[in-house]
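J.:
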């Protein structure tokens, strides 16, 4: 099963869709694994997979349960349950008390990588720090 809505792309082996007044309200995906991916407001790809994915369309949230993983810009998050709020770009992870721990890997970022997503991007001049050109030597 493949579901596309806006920049959201989700797959699973089985889907249950809940519709109200012709609008998708909720999609429950089961799979091995169920997957989703979407572009966030910064244009970065966010991907996730789990045994089950519950997409809440009106709240713009994805809840991944069972062996859940979330990937964004080289960062990874592993947990039994992950809730990703696509609108606020907020992630919550955890499981039952006494359950498995949450595993997070955050890649180091350089000063300029926070604004530029391309690894070889050249930072543009800004009003706070204008671009500088090296002095030129003139031969007589």
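Residue numbers (this note's numbering): -11 to 128. Beta carbons are placed, not taken as given, at the ideal position from N, Cα and C, and that holds for glycine. Just so we're clear, the structure is a prediction, and the values are computed from it rather than from any experiment.
#1: Return helix, strand or coil for residue 46, following the three-state DSSP convention.
#2: Helix, strand or coil for residue 9? Go by DSSP, reduced to three states.
#3: If you draw a straight line from the C-alpha of residue 48 to the C-alpha of residue -10, how long is it?
#4: What are the residues that DSSP puts in a beta bridge with residue 35?
#5: How far does the beta strand (DSSP E) with residue -7 in it extend, from its first residue to its last?
#6: Quick one: using the 10 Å Cβ neighbour count with 16 as the cut-off for buried, is residue 98 buried or exposed?
#7: Taking just the CA atoms, how far does residue 79 sit from residue 11?
#8: Let's test the definition: count the other Cβ atoms within 10 Å of the Cβ of residue 6 and tell me whether it reaches 16, buried, or not, exposed.
#9: Give me the Cβ distance between residue 67 and residue 83, rounded to the nearest whole Å; I'm assuming they're in contact under 8 Å.
#10: DSSP three-state call for residue 54: helix, strand or coil?
#11: For residue 42 versus residue 51, is the C-beta distance shorter than 8 Å?
#12: Given a cut-off of 8 Å on the beta-carbon distance, is the pair residue 33 and residue 14 in contact?
#13: Looking only at its own chain, which residues have a Cβ that is under 6 Å from the Cβ of residue 121, when we skip the five neighbours before and after it?
T.: Walking through what the data contain:
#1: Under the three-state reduction of DSSP output, residue 46 falls in the coil class, being neither helix nor strand.
#2: Note: residue 9 maps to coil in three-state DSSP.
#3: Rounded to whole angstroms, residue 48 to residue -10 spans 18 Å at the Cα level.
#4: According to DSSP, residue pairing for residue 35 in a beta bridge involves 25 and 59.
#5: Per DSSP, residue -7 belongs to the beta strand (DSSP E) from -10 to -7.
#6: Counting Cβ neighbours within 10 Å, residue 98 comes out exposed, since fewer than 16 surround it.
#7: When rounded, the distance between both Cα atoms is 25 Å.
#8: With fewer than 16 other Cβ atoms within 10 Å, it is exposed.
#9: Right, their Cβ atoms sit about 6 Å apart.
#10: Strand at residue 54.
#11: Using a Cβ distance threshold of 8 Å, residue 42 and residue 51 count as a contacting pair.
#12: Against a cut-off of 8 Å, the Cβ pair of residue 14 and residue 33 comes out as no contact.
#13: Confidence in residue 121 is poor, its pLDDT being 39 and thus under 50, which makes the residue's placement unreliable; the coordinate value appears in the next sentence. The answer is none, since no qualifying residue turns up.
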